[in-house]
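Q: If you scroll down you'll find the structure; I have some questions about it.
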Amino acid sequence: MSRPRKFRNVCSLPQVNEFGPLAGPLNRSEAVILSVDEYETLRLIDTMGMTQEECAREMGVGRSTIQGIYNVARQKVSTALVEGRVLSIQGGDYRLREHRGIGRGCGRGCGQGRGRGRRGEF
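Right, dumping it as structure tokens:
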């Protein structure tokens, strides 16, 4: 029996959850799906300047887990940019953190609730 996936702490949902090329028709059937926890990992490491270890602490998982999430997320973003595909942020195993005014990663405040990997929904 496999181990159940652990929810990753996410500070807030993205304000915009879909991106795509400006020219030509958008083919959403070939969209690249970036999960909310992958988005949060990119936000914390690339935008907030955290190390993978700091990001892991913020999200409540191990550093090796963050390393894997980060590598997959970067590959997905790169694929969307290079191939001119729609990038959609949705799903994943995450929990919105309650904002307590602590932690480096919470720029816009935290919400509450949980999400679990369904397409078309956060």
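Plus 936 on top of the position in the sequence shown (first one is 1) and you've got my numbering.
A virtual CB, placed ideally from N, CA and C, is assigned to each residue, including glycine.
Bridge partners for residue 968 per DSSP, in chain order?
A: Numbered from 1 along the sequence shown, position 32 holds the residue referred to as residue 968. The partner list for residue 968 (beta bridge, DSSP) reads 1023.
Q: With distances taken between CB atoms, is the gap from residue 939 to residue 1029 smaller than 8 angstroms?
A: Your numbering for residue 939 matches position 3 in the sequence shown. Your numbering for residue 1029 matches position 93 in the sequence shown. The answer is no: Cβ separation not under 8 angstroms.
Q: State buried or exposed for residue 937, treating a residue as buried only when at least 16 other CB atoms are found within 10 Å of its CB.
A: The residue you call residue 937 lines up with position 1 of the sequence shown. The residue in question, residue 937, is exposed, as its Cβ has fewer than 16 Cβ neighbours within 10 Å.
Q: Could you check whether residue 1031 and residue 968 sit closer than 8 angstroms to each other, using their CB atoms as the reference points?
A: The residue you call residue 968 lines up with position 32 of the sequence shown. The residue you call residue 1031 lines up with position 95 of the sequence shown. Not closer than 8 angstroms, so no.
Q: Can the beta-carbon of residue 962 be found less than 8 angstroms from the beta-carbon of residue 1023?
A: As a position in the sequence shown, residue 962 is number 26, starting the count at 1. As a position in the sequence shown, residue 1023 is number 87, starting the count at 1. Their beta carbons are not under 8 angstroms apart, which means residue 962 does not touch residue 1023 by this criterion.
Q: How many angstroms separate the CA atom of residue 1014 from the CA atom of residue 989?
A: Position 78 of the sequence shown, counting from 1, holds the residue named residue 1014. Position 53 of the sequence shown, counting from 1, holds the residue named residue 989. Approximately 23 angstroms between the Cα atoms of the pair.
Q: Compute the Euclidean distance between the alpha carbons of residue 991 and residue 978, then round it to the nearest angstrom.
A: Locating residue 991 in the sequence shown gives position 55, where the first residue counts as 1. Locating residue 978 in the sequence shown gives position 42, where the first residue counts as 1. For residue 991 and residue 978, the distance between alpha carbons rounds to 9 angstroms.
Q: Any idea what DSSP makes of residue 958, helix, strand or coil?
A: The residue labelled residue 958 in the question sits at position 22 within the sequence shown. In this structure, residue 958 counts as coil in the three-state DSSP scheme.
Q: Can you round the beta-carbon distance between residue 1009 and residue 974 to whole angstroms, since I take them to be within the 8 angstroms contact cut?
A: Translated into positions along the sequence shown, residue 1009 becomes position 73. Translated into positions along the sequence shown, residue 974 becomes position 38. That belief holds up - the Cβ atoms of residue 1009 and residue 974 are roughly 4 angstroms apart, short of 8 angstroms.
Q: Using three-state DSSP, classify residue 1033 as helix, strand or coil.
A: Numbered from 1 along the sequence shown, position 97 holds the residue referred to as residue 1033. Here residue 1033 sits in coil by DSSP.
Q: Taking all protein chains shown into account, do 16 or more other C-beta atoms lie within 10 angstroms of the C-beta of residue 952, making it buried, or fewer, making it exposed?
A: Taking the first residue of the sequence shown as 1, we reach residue 952 at position 16. Exposed, by the Cβ-count rule.
Q: Can you tell me which of 1025, 1027 and 1021 puts its alpha carbon nearest to the alpha carbon of residue 960?
A: Residue 960 sits at position 24 when you count from the first residue of the sequence shown. Nearest option by C-alpha distance: 1021.
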